[in-house]
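There are 2 protein chains.
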Amino acid sequence: MSALYGVDETHDPALRSWVESANDPACEFPIQNLPFGRFREAADLDWRIGVAIGDQVLELRRIGLINHAEMNRLMRLKPETRLELRRALSAGLRAGSGQQARWRDALLPMARVQLGLPCQIGDYTDFYVGIHHATTVGKLFRPDQPLLPNYKWVPIGYHGRASTIGVSGQDFVRPMGQVMAAGAEAPQLMPSQRLDFELELGIFIGRPNAQGQAIPIEQAEEHVFGLALFNDWSARDLQAWEYQPLGPFLSKNFASTVSPWMVTMEALAPFRRAFERPAGDPPPLPYLDSAAQRAQGAIDVDLEVRLQTAAMRAAGQPAVCISRSNYADAAYWTVAQLVSHHSVNGCSLSNGDLLGTGTLSGPRPDQAGSLLELSAGGRTPITLPNGEQRRFLEDGDSVELHGRCERAGYRAIGFGACRATVLPAASTVANETD
Amino acid sequence: MSALYGVDETHDPALRSWVESANDPACEFPIQNLPFGRFREAADLDWRIGVAIGDQVLELRRIGLINHAEMNRLMRLKPETRLELRRALSAGLRAGSGQQARWRDALLPMARVQLGLPCQIGDYTDFYVGIHHATTVGKLFRPDQPLLPNYKWVPIGYHGRASTIGVSGQDFVRPMGQVMAAGAEAPQLMPSQRLDFELELGIFIGRPNAQGQAIPIEQAEEHVFGLALFNDWSARDLQAWEYQPLGPFLSKNFASTVSPWMVTMEALAPFRRAFERPAGDPPPLPYLDSAAQRAQGAIDVDLEVRLQTAAMRAAGQPAVCISRSNYADAAYWTVAQLVSHHSVNGCSLSNGDLLGTGTLSGPRPDQAGSLLELSAGGRTPITLPNGEQRRFLEDGDSVELHGRCERAGYRAIGFGACRATVLPAASTVANETD
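Residue numbers (the UniProt record's numbering), protein chains in the order written: chain W, 1 to 434; chain U, 1 to 434.
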């Protein structure tokens, strides 16, 4: 693994770009990052492949490093080839590069383009790697046994809906659904009263495996292209009523939001961490274990959730932070473990598949990745700086996820924002005339 | 609904085709059926759209009724346009038609072509409409409460894996996975010992809805193109260990098999039945109820499961019937109810989506749609005519699903076969050297 995604000259913190905005210390897209996304200049034009640099987007085909505009095709490249591409981008964007005159024509201000889903998404799987999330939520239902017996053995996951995944900036209507009130004899169709966000990372699969052929853990990261922020919106009241015995369905599939930039595994190389289980926990089964995983299976990403209510927006107030967490602290399973587990039964992962990590709550209550946790199941609302309170999301609320990798001796890199806004529920479809 | 998919002259049992094999009373594809599928003459050629007639495939573009070869595009047609297409096909294939000379050139023997997945599948959702299945399986886990409280209110469903759906004729390897033996302290990675089939129908979505816009039940069938046979292979031992709390995952996503022909809603019109709930059951919520649904929401399809073991194949013995069931008798929810429920929260259904019904077991034990039920959870094996016994599937077993609609006064139509074979598990991927 370390051979695949090692630290090299592209991570040198002294590197500066001729794109001046990239050198601002607050910029999330310095020359050490170089994430990939899709953009277009107008809704009737085709998506193109871009690389974020400072406040600009570099159009990849235009500089001649690739000869097509299909992100999914680019994501299939072998890791060695991707590494070459990264090195060429880094060299060409470096201050003093001879490419500057030519590449400048391939830059567009990010503020002037539309950013799309990072790729054409194949199947979407959501995992449940956040052990603090699983424990806290489990306690709400099973105070005496918060974690089920399989949790430390099986990377729990389930399939989700790919067609309703949107990109940052989307609005979605509050879902309608069946709600069974406590003590009621029958459920009612109504707008969800317990709408929530889930702070996750999304893992994009680049290289597929053939059906029937499991991916050994040593090769698992070769199949991964990069990470993005991911919000798996959840309607807790619909979920509570519908989810037995086959899992979440309408409570999750109305909308999910992903950030537009895929931060590559290459860019994340300096931010790897040892991955160790707490003493006393069972060791992973051999197909989920490797020396490389133990040495640096974790990825250190600081995460943040910000909320802006309609009242705040009207008053010109920016979103406020309501939770901070960290991927490496939150996750019980690594990226490679998820990929190996997903394929151990012969399941074929496809180019463009998206794996959600599950909610990445930290160990402390204020590090929770959902309102369900922050409000203790809706019992104790959180209070915002303007005095508003929230147990769950209200119409007009915008939720923004942020992610940032920092480490001494390296230039910090960021993920951009993953933002979406809740619209009021559509009027009921119930058929009154029949 | 009856206006959409009514009985007309294309269902006249007296109709005969100039394709002589279609007039054989045992033929599943008479002129009254006209199902759609994709075929090609060699693996390196593109898929084309075909209509099954007798033992032949009629290439649709070649006869000029459409000017492209994209099944998904055809499936988006409005129901009125699809009805026109059906009428034109019926007229042209009728004995004495003036098209005979020209259309004959567009026929290919079905035995000489490769049949593909009927369309490019979008998202795949599996439902759980078989109330006898849910009750029998529930009893194995909860003798005192076989049906969970939500069952008669919520059409229970969950998302599945689209990338591993194959077409009839496929082989797949027995899945590896974590199995927790009774009394064991740790799970083990091993080939599934409780591999099973599930007798289902697949519902293909033709017309999408926009995200945020629920589909009213009166319009639900407009979004449906047709039905096919569907086998949702299941590894019961993996499922038992992994499925809490988020539902089935690796126990289901290694393979599913669909039959190559989509029998259209138009073709099924004569086989509609009243849909009535047992006395004492709660009425469906208004968004799941309509007069048309009550009058003819059900579809009468006789279903059959056949098994051929490796020993039978070696001895030249054909597959034997191990279960018979009927869709209308098995299902607690109609096609329209599934579509409306799936979208009530604003979830967008896409062109090419596949909805599995769930296992369609009849009320009697010998009508079960899975070995889990037929063998009472693996306790009492079934005995085959050659003396072999089965609790669950063994390597080399082929399972074949069949479906047939019959009604007095109408020509019977069939679904073709949905067949697949279990191969031995791949060698373990466990990493022993690390």
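From the three backbone atoms N, C-alpha and C, an ideal C-beta is built for every residue, glycine too.
Being a predicted model, the structure only gives us computed values, none of them experimental.
- Message: List, from N- to C-terminal side, the alpha helix (DSSP H) runs of 4 residues or more that fit wholly inside the segment 319-379 of chain U.
- Response: 327-330, 335-343 and 371-374
- Neighbour list for U/Phe225 in chain W, Cβ cutoff strictly below 7 Å: Within 7 Å Cβ-Cβ: nothing; U/Phe225 doesn't reach chain W, min ~17 Å.
- Task: Whole angstroms is fine: what's the gap from W/Leu140's alpha carbon to W/Ser192's?
- Result: 19 Å
- Query: The alpha helix (DSSP H) spanning U/Ser90 covers which residue range?
  - Reply: Pro79 to Leu93
- Which residues mark the beginning and the end of the alpha helix (DSSP H) in which U/Asp237 is found? Arg236 to Glu242
- Which of the three DSSP states, helix, strand or coil, is assigned to W/Gly396? coil
- Starting from the Cα of W/Ala336, find the closest Cα among W/Leu288, W/Cys405 and W/Gly212 and give me that residue. W/Leu288
- If we count Cβ pairs, one from each stretch, closer than 8 Å, do we get three or more for the segment 327-346 of chain U versus the segment 115-130 of chain U? yes
- Query: Given a limit of 7 Å on CB to CB distance, which residues of the segment 323-351 of chain U reach chain W?
  - Reply: Val344, Asn345, Gly346, Cys347, Ser348 and Ser350
- For the segment 395-412 of chain W and the segment 8-26 of chain W, state whether three or more C-beta atom pairs, one from each stretch, are separated by less than 8 Å. yes
- Message: On the criterion of 16 or more Cβ atoms from any shown chain inside 10 Å, does U/Gln389 qualify as buried, or is it exposed?
- Response: exposed
- Can you tell me whether DSSP reads W/Ala298 as helix, strand or coil? strand
- Any idea if U/Arg419 is buried or exposed, counting beta-carbon neighbours within 10 angstroms, 16 or more meaning buried? buried
- Query: Any residues in the segment 157-173 of chain U with a beta carbon nearer than 7 Å to a beta carbon of chain W? Which ones, in chain order?
  - Reply: Gly157, Tyr158, His159, Gly160, Arg161, Ala162, Ser163, Thr164, Phe172 and Val173
- Simplified DSSP assignment, three categories, for U/Tyr287: helix
- Task: On a CA-only basis, which of W/Val301, W/Glu80, W/Phe275 and W/Ala314 is nearest W/Ala295? Give me that one, please.
- Result: W/Phe275
- Distance, U/Thr334 Cα to U/Val305 Cα: 22 Å
- Message: What ranges does the alpha helix (DSSP H) occupy inside the segment 101-145 of chain U, keeping only unbroken runs of at least 4 residues that lie completely in it?
- Response: 131-141
- Based on the DSSP output, what are the partners of U/Pro25 in its beta bridges? Looking at the DSSP assignment, U/Pro25 forms no beta bridge with any residue, so it has no partner.
- Between W/Gly316 and chain U, is there a C-beta pair that is closer than 7 Å? no
- Task: List the residues of chain W whose Cβ lies closer than 8 Å to the Cβ of U/Asp237, in chain order.
- Result: Correct list: empty, because the minimum Cβ distance to chain W is about 12 Å.
- Task: List the residues of chain W that U/Leu148 touches, going by C-beta distances under 7 Å, in chain order.
- Result: Gln244 and Pro245
- Query: If contact means a Cβ-Cβ distance below 9 Å, which residues of the segment 252-273 of chain W contact chain U?
  - Reply: Lys252, Asn253, Phe254 and Ala255
- Residue interval of the beta strand (DSSP E) (run including W/Asn253): From DSSP, W/Asn253 is part of no beta strand (DSSP E); its letter is neither H nor E.
- Item | Neighbour list for U/Trp103 in chain W, Cβ cutoff strictly below 8 Å | The premise fails here: U/Trp103 is roughly 37 Å from chain W at the closest Cβ pair, so nothing lies under 8 Å.
- Query: For U/Asn386, which three-state DSSP category applies?
  - Reply: coil
- Task: Kindly indicate if chain U contains any beta-carbon less than 7 Å away from that of W/Leu195.
- Result: no
- Task: Have a look at W/Ala186 and W/Ala240 and give me their C-alpha separation to the nearest angstrom.
- Result: 14 Å
- Kindly identify the DSSP beta-bridge partner or partners of U/Asn231. U/Leu199 and U/Thr257
- Query: Between W/Gly362 and W/Gln293, what straight-line distance do the alpha-carbon atoms span, to the nearest angstrom?
  - Reply: 21 Å
- Item | 8 Å contact criterion, which U/Phe415 and U/Ser259 should meet: CB distance rounded | 6 Å
- Buried or exposed by the 16-neighbour rule on C-beta atoms within 10 Å, applied to W/Ala425: buried
- Under 7 Å Cβ-Cβ, which residues of chain U neighbour W/Asp123? Arg161, Ala162 and Ser163
- Query: For U/Ile156 versus U/Leu354, is the C-beta distance shorter than 7 Å?
  - Reply: no
- Query: To the nearest angstrom, how far is it from the Cα of W/Gly352 to the Cα of U/Asp281?
  - Reply: 44 Å
- Task: Spell out whether any CB of chain U is found under 7 Å from the CB atom of W/Phe392.
- Result: no
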